[in-house]
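Inspection log for the structure reproduced underneath, given as structure tokens.
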Amino acid sequence: MKVKVSALHFTADKKLIDFANERVSKLEKFYDKIIDSNIVFRVHNAEDKENKSVEIKLNIPGKELFAKKQSDSFEKSVDEAVEALRRQLKKHKEKLVSA
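Residues in the sequence shown are numbered consecutively from 389, following my numbering.
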């Protein structure tokens, strides 16, 4: 799976990018037909404590899955978004089996 990472309003360090790549790549365990993914890190209002959001878009055959999470750290946001996508993949896979 090809993973594209971008950061808005800041420069993401290699450690954060590697962390996100590792987490998103684990989604292939649940559904092996993922074409590619796009991860966007974004820093919002600096005064707000929970100002770090992550948007992850997964392209699978015939569909695009999306999750956006915001929290006080990028790592937490990535974990929450990946969990949301895992649930979406599971639901999509169940629909394919029952069809």
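For every residue, glycine included, the Cβ atom is placed at its ideal position computed from N, Cα and C.
The closest CA to that of K440, considering only L404, M389, F454, is found on L404. Non-local beta-carbon contacts of V412 in its own chain, meaning distances under 7 Å to residues more than five positions away in sequence, involve V391, S425, I427, I444, V470 in chain order.
In this structure, the CA atom of A434 is about 43 Å from the CA atom of L484. DSSP, read as helix, strand or coil, puts I405 in helix. Its chain contains L415, F418 as the residues whose beta carbon lies nearer than 8 Å to that of R474, once the 5 sequence neighbours on both sides are disregarded; these appear in chain order. When DSSP states are grouped into helix, strand and coil, A469 belongs to the helix group.
For K437, the three-state secondary structure derived from DSSP is coil.
Assigned with DSSP and collapsed to three states, F462 falls in helix.
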